[in-house]
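Right, one structure below, let's go through it.
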Amino acid sequence: MDKRMIVGAICTLILGANCMANSEKHLKNNDKRKPNLLFVFSDQQAYDMIGYSGNKQIRTPNLDKLSREGVSFSNAVSLCPICTPMRGMLMSGQHPLYNGCWTNDVPLLPENGTTFPQALNMAGYETAYIGKWHLYGGGTRDTGIPKGKNRHGFNGTFLTNNVTVDFRPESCFYWDDNGKKVFFKDVYKDHPWELEAQTRQAETWLENYDNDKPFALFVSWHPPHDYLGDGCPDIPGRQYNYNTSVLDSSLLDPYKGMDIVLRPDIDNTGKMADCIKEQYRNYMAMITACDASIGRFIKILKGKGLYSNTLIVFTSDHGDMLGSHGADKPKQEPQDYSCRVPLIMSGQNILPKNKKSELLIGTMDLMPTILGLLNIKVPESVQGMNLSPYILSGNDSAIESLPIFMFVGNGWRGVYTKEWTYAESVNPKVSKDRSVEINVLYNRQKDPGQLNNLYNDKNFAIVQKKLTGLTHDWMTRFGDKGFSNSDFSNIYDHEGWQKNYTDRPIDLLNKK
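Read in order, the letters of the sequence shown are residues 788 to 1299 in this note's numbering.
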């Protein structure tokens, strides 16, 4: 392990004990009850697609206000920018090679350490989950999550469709505890689309909650993820507009007629630009819908007198390339638009107000950091870092780098620092066939649009060598030998391992 990592871990232990003691004393002075947790995350919302990041054309007033009432992070990173791996790291605090979730649609390994909800349960919380799950395969996405080990400790309300990309009012649904598919159109007669229906479920839960225990409610929205429907004929893949409309006029109207400014690497003129701008409008309208739902949750918390003693966390699975860098997929890339996500933490009795943090924080760090802020012991099975001491002390320079990685496709590894993004393919020959460069070196401070790839530029050889070293340090820490999709294919039967997945990938790969 790199010396910096060892020193950082020691500092966390030392600072963590002092910080948690001080925080616990502060909480006791302000509220006898343990703080609640409301963890909300959208899916595929890039960092540049929220107002507090400086985007002046998107409308996110509630999230922007929440950022002013707490801590907003400018260097929050989805370490493996694809849905299931992110969720696996969130719920376990472990690297995908250890928790099982190395790609989409594979189950999070049960009984493989203490999960996020299990840690909350042991601390006396009631835990509930509403929305997209995507941590259970069973050989198909079209399945409910039965009570038991595959809910990983959620002991209260559990309402999910597992995963679907069809948000239409006539199609959206959830599974009940009896394994029955319940269509929202039969529950809400005014026929809401998926986000609206799930928001109502969460509102009902919050309004009716009267338990003496503190609560931890997780709400996971699939929007603004691309969804089923027709879009620009010359742009591949699912897009952001329907023949049958999902978004009502109140969401779309603010963006109609707006001269959308595209990302700097996309041509802002011509017929294709007009089509892409329409995609942006629908994407941003879905984000505005998520923002409005956050506002509704906050209103309920304030009405019940719970707002000041609730830690609210908002983030996203990963970003969305939206065609940038020639991408034909929305994620899985090392560029900022894929890896970098919004992150807000707010709690009047817990965190400082209006703090803009540059601290590096990755997906594996979310579980231990939030537990730290709630004064809950971090389980020994967690591999991420408890960064709560640095957040509370304002030490934004505590972390030097974060690992970024992808196992599917050709596979790549890299690091994210405050200044640099670096990544290298695990199979350079294959990487040449990709639409998006994954052998990259970007100076994000001087080149925020990541337009100038400095990989193998002799003028930056020293920088690249250092970042290559950090990448390999992180790989060594987790026993990652540069595994790619072909390595996993050799040890798993695709359908079988989704149904009977019990061994950690790292163990199976090392036996190969």
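Glycine residues also receive a C-beta, built at the ideal position from the N, C-alpha and C atoms.
Using DSSP bridges, identify the partner residues of Arg1127. Val864
Would you tell me roughly how many angstroms separate the C-alpha atoms of Asn1030 and Thr1289, rounded to the nearest one? Only weak support is given to the placement of Asn1030: the predicted model assigns it a pLDDT of 45, under 50, and the question is left unresolved by the model.
Under the three-state reduction of DSSP, which class applies to Pro1235: helix, strand or coil? coil
Asn823 classed as buried or exposed, judged by whether at least 16 other C-beta atoms fall within 10 angstroms: buried
For Cys867 and Gly1269, I'd like the C-alpha separation in whole angstroms. 14 Å
What is the C-beta distance between Ser1385 and Thr901, in whole angstroms, given that I count them as a contact (C-beta under 8 Å)? Nothing about residue 1385 can be reported from this structure: the residues present for the chain run from 788 to 1299 only.
For Leu773 and Arg1050, which I take to be in contact (beta-carbon distance under 8 Å), what is that distance rounded to the nearest angstrom? Residue 773 falls outside the range modelled here, since the chain spans only 788 to 1299, and no answer is possible.
Counting only the same chain and skipping the five closest in sequence on each side, list residues whose C-beta sits under 6 Å from that of Leu1241. Leu1228 and Phe1247
Taking the C-alpha atoms as reference points, what is the distance between Cys1062 and Tyr1203? 33 Å
Please give the ranges of any beta strand (DSSP E) in the stretch 1123 to 1183, keeping only runs that are unbroken, at least 3 residues long and fully inside the region. 1127 to 1133 and 1142 to 1144
Between the CA atoms of Thr914 and Tyr834 - distance to the nearest angstrom: 28 Å
Decide if Ile1249 is buried, meaning its Cβ has at least 16 other Cβ atoms within 10 Å, or exposed. exposed
Local Cβ density within 10 Å of Val1048, reported as buried at 16 or more and exposed below that: exposed
If you draw a straight line from the C-alpha of Lys936 to the C-alpha of Lys1253, how long is it? 43 Å
Output needed for Leu1038: all residues of its chain with C-beta closer than 7 Å, excluding positions within five of it in sequence on either side, in chain order. Ala1072, Thr1075 and Ala1076
May I ask you to verify whether the stretch 960 to 980 touches the stretch 879 to 895, counting CB pairs closer than 8 Å and requiring at least 3? no
For the ligand MG, is there any heavy atom lying closer than 6 Å to the beta carbon of Arg855? As presented, the structure is devoid of all ligands, the ligand MG included, so that no description of it is given.
In whole angstroms, what separates the C-alpha of Gln1135 from that of Leu1088? 13 Å
If we count the other Cβ atoms within 10 Å of its Cβ and call it buried at 16 or more, is Glu981 buried or exposed? buried
Are the stretch 888 to 903 and the stretch 1174 to 1183 touching, with three or more C-beta to C-beta distances below 8 Å? no
Restricting to runs no shorter than 4 residues, where is the alpha helix (DSSP H) found entirely within the stretch 965 to 989? 971 to 974
Helix, strand or coil, according to DSSP, for Val858 in the structure here? strand
Alpha-carbon to alpha-carbon, Asp929 and Thr951: 8 Å
On the three-state DSSP scale, how would you describe Thr927? coil
So Trp1261 packs on Pro1190, CB below 8 Å; how close in whole Å? 4 Å
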